[in-house]
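So the sequence shown is numbered by this note's numbering: it starts at 48 and just counts up by one. First comes the structure, then the notes that go with it.
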Amino acid sequence: MNKKTQMVHGGHTTDDYTGAVTTPIYQTSTYLQDDIGDLREGYEYSRSGNPTRTALESTIADLEHGRFGYAFGSGVAAISAVVMLLDKGDHIVVNSDVYGGTFRVLTKVFNRLGIDADFVDTTDANNIEASIKPETKMLIIETPSNPLLRVTDIKASADIAKKHNLISVVDNTFMSPYFQNPLTLGADIVLHSASKYIGGHSDVIGGLVATNDEDLAERIGFIQNSTGGVLGPQDSYLLIRGIKTLGLRMEQVSRSAVAVSEMLANHPKVEKVYHPSLKDHPNHDIQARQATGHTGVVSFVVPDIESAKAVIRNTKYFTLAESLGAVESLISVPALMTHASIPKEVREKEGIADGLIRLSVGIEDTDDLIEDLKQALDQLK
Ligand SMILES: Cc1ncc(COP(=O)(O)O)c(C=O)c1O
Numbered sequence: 048m049n050k051k052t053q054m055v056h057g058g059h060t061t062d063d064y065t066g067a068v069t070t071p072i073y074q075t076s077t078y079l080q081d082d083i084g085d086l087r088e089g090y091e092y093s094r095s096g097n098p099t100r101t102a103l104e105s106t107i108a109d110l111e112h113g114r115f116g117y118a119f120g121s122g123v124a125a126i127s128a129v130v131m132l133l134d135k136g137d138h139i140v141v142n143s144d145v146y147g148g149t150f151r152v153l154t155k156v157f158n159r160l161g162i163d164a165d166f167v168d169t170t171d172a173n174n175i176e177a178s179i180k181p182e183t184k185m186l187i188i189e190t191p192s193n194p195l196l197r198v199t200d201i202k203a204s205a206d207i208a209k210k211h212n213l214i215s216v217v218d219n220t221f222m223s224p225y226f227q228n229p230l231t232l233g234a235d236i237v238l239h240s241a242s243k244y245i246g247g248h249s250d251v252i253g254g255l256v257a258t259n260d261e262d263l264a265e266r267i268g269f270i271q272n273s274t275g276g277v278l279g280p281q282d283s284y285l286l287i288r289g290i291k292t293l294g295l296r297m298e299q300v301s302r303s304a305v306a307v308s309e310m311l312a313n314h315p316k317v318e319k320v321y322h323p324s325l326k327d328h329p330n331h332d333i334q335a336r337q338a339t340g341h342t343g344v345v346s347f348v349v350p351d352i353e354s355a356k357a358v359i360r361n362t363k364y365f366t367l368a369e370s371l372g373a374v375e376s377l378i379s380v381p382a383l384m385t386h387a388s389i390p391k392e393v394r395e396k397e398g399i400a401d402g403l404i405r406l407s408v409g410i411e412d413t414d415d416l417i418e419d420l421k422q423a424l425d426q427l428k
């Protein structure tokens, strides 16, 4: 099955009972039992299982070439459930420019419970090896990373994880399952903030996890039911609906992001552009090897914070908002918004300059987006 077909036909999203072509929203908390413990389709209570959520979970499993899928109330809930696989005293290696919310939950919540994390530049596999300690049990990478679009070699890092008996986890939010499938490159677990490309319309917060490993799957399912951060049926339905057009959206987004990056790279007011499609991106070749297209996230640096604010004020089609991955183009200043929870010294060390602007290129007409950004930049003194 080719990819675009898989986006429409992946998972089991028709209704066996009525023949409904779309997945019904089973808005129920509990299920009739014909006798004590005699369940009709195995459903007992909607925290443990709900048919609309099951349809979504089967879809993400298929799309990521996994056997098991799980849906959570947010991307951070998905990440947290995966980290809960660990025990007190365990240690995690994480890419240094990880999403601010992932950094926050690891350094402000899980550290209090005795699970420590070290943040390293995983674009160099030697750094991963060097940071592994006897207590290290998990490797988490986000590739491309947020907001500097650094690329980690998924296969090389999964190989290192295997050698050291670590669970390797890839946050695949920026690529979506349409362009990149970490399980096929050797990762144990792939996860998504489904609030981004998978939902695609800025109307759902959700998180998805997929794996091929039966033991990990059983433990994640147990954690999902025990800690209860499940996705509701209405939001599960919206994510299934979003996935049907994921292929079309990603193709358009990728085309526009490449064109926008090239324009920015040639604009005199832009000091630097971060996008893996650019030939001078340090990990351009790895990206081309491990993915079949490009994320719509493009970051670039203007001289200072005032210039960044002016660009944001002057654009017409880029909405000032956090988040990414939706049909409409968004624009943000990471230092003041998504990454504000990371201390300034850590941000600067990581290269997140105050004049860094992050775009999430949407599905509008490519020429309109380019014209809009150009006129906003041309107005800078
Ligand atoms: C790469 C990445 N991972 C995880 C998350 C967290 O997802 P959520 O906001 O759905 O909790 C985000 C949110 O921006 C993200 O960009």
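C-beta atoms are modelled at their ideal positions from N, C-alpha and C, and glycine is treated no differently.
Supposed contact pair Leu403 and Ala382 - C-beta distance, whole angstroms, cut 8 Å: By 1-based counting over the sequence shown, the position of residue 382 is 335. By 1-based counting over the sequence shown, the position of residue 403 is 356. The pair is a contact, with the Cβ atoms about 6 Å apart (cut-off 8 Å).
In DSSP terms, what Ile187 is bridged to: Taking the sequence shown and counting its residues from 1, one reaches residue 187 at position 140. Note: Ile187 sits in a beta bridge opposite Val141 and Val216.
Backbone CA spacing between Ala67 and Gln281 [nearest angstrom]: The count along the sequence shown starts at 1 and reaches residue 67 at position 20. The count along the sequence shown starts at 1 and reaches residue 281 at position 234. Those two C-alpha atoms are separated by around 16 Å.
Within the same chain, show all residues whose beta-carbon is closer than 8 Å to that of Gln74, passing over the 5 residues directly before and after it, in chain order. In the sequence shown, residue 74 corresponds to position 27, counting from 1. So the qualifying residues of the chain are Pro280 and Gln281.
Compare the C-alpha of Leu132 against each of Arg266, Arg100 and Lys396 and name the closest. As a first step, residue 132 must be located in the sequence shown, where it is residue number 85. Checking every option, the nearest Cα to that of Leu132 belongs to Arg266.
Note down, one range per segment and in chain order, each alpha helix (DSSP H) of at least 4 residues found wholly within the stretch 69-149. 98-110 and 122-130
Run through DSSP, which three-state label would Tyr321 get? Here residue 321 refers to the residue found at position 274 of the sequence shown. Residue state, collapsed to three classes: strand.
Could you tell me which of Asp332, Asn330, Leu325 and Pro329 sits nearest to His345, measuring between CA atoms? Position 298 of the sequence shown holds residue 345. A small correction: the amino acid at residue 345 is Val; His does not occupy that position in the sequence shown. Here the closest residue by C-alpha is Leu325.
At 4 residues or longer, what runs of the alpha helix (DSSP H) sit wholly inside the stretch 243-289? 261-274
Candidates Lys421, Ile83, Arg100 and Gly84: which alpha carbon is nearest Gly268's? One-based indexing of the sequence shown puts residue 268 at position 221. When each option's Cα is compared against that of Gly268, the closest is Arg100.
Please state if the CB of Ala304 and the CB of Glu408 are separated by a distance shorter than 7 Å. Taking the first residue of the sequence shown as position 1, residue 408 is located at position 361. Taking the first residue of the sequence shown as position 1, residue 304 is located at position 257. Reading off the sequence shown, one finds Val at residue 408, where the question assumed Glu. The answer is yes: Cβ separation under 7 Å.
Quick one: residues in its chain with C-beta nearer than 8 Å to the C-beta of Tyr92, no 5 flanking neighbours on either side, listed in chain order? Locating residue 92 in the sequence shown gives position 45, where the first residue counts as 1. Ser76, Thr77 and Tyr78, listed in sequence order.
Our contact map puts Ala357 next to Leu427 with C-beta atoms below 8 Å; I'd like the distance itself, whole angstroms only. By 1-based counting over the sequence shown, the position of residue 357 is 310. By 1-based counting over the sequence shown, the position of residue 427 is 380. Contact flag correct, Cβ pair sits at about 6 Å.
Distance cut-off 6 Å: Gly148 Cβ against heavy atoms of ligand 1: As a first step, residue 148 must be located in the sequence shown, where it is residue number 101. Yes, the Cβ of Gly148 comes within 6 Å of a heavy atom of ligand 1.
Round the Cβ separation of Leu278 and Gly116 to the nearest angstrom and send it over; I've been treating them as touching at under 8 Å. As a working note, residue 278 is residue 231 in the sequence shown. As a working note, residue 116 is residue 69 in the sequence shown. That belief does not hold up - the Cβ atoms of Leu278 and Gly116 are roughly 11 Å apart, past 8 Å.
Look up Tyr405 in the DSSP assignment and say whether it is helix, strand or coil. Position 358 of the sequence shown, counted from the start, is the residue given in the question as residue 405. The displayed chain sequence assigns Arg, not Tyr, to residue 405. Correct three-state label for Arg405: strand.
Cβ-heavy atom distance between Asp218 and ligand 1 below 6 Å? By one-based count along the sequence shown, residue 218 stands at place 171. Yes; taking the cut-off as 6 Å, the Cβ of Asp218 has a heavy atom of ligand 1 nearer than that.
Taking only three categories from DSSP, how would you classify Phe221? In the sequence shown, residue 221 corresponds to position 174, counting from 1. Of the three classes helix, strand and coil, the one that applies to Phe221 here is coil, per DSSP.
Backbone secondary structure at Ser354 - three-state DSSP: Position 307 of the sequence shown, counting from 1, holds the residue named residue 354. Correct three-state label for Ser354: helix.
Contacts around Tyr321, its chain only, beta-carbon distance under 6 Å, and the 5 residues preceding and following it disregarded: To locate residue 321, count along the sequence shown from 1; it is residue 274. Cβ neighbours of Tyr321 beyond the five flanking positions: Leu195, Leu196 and Ser346.
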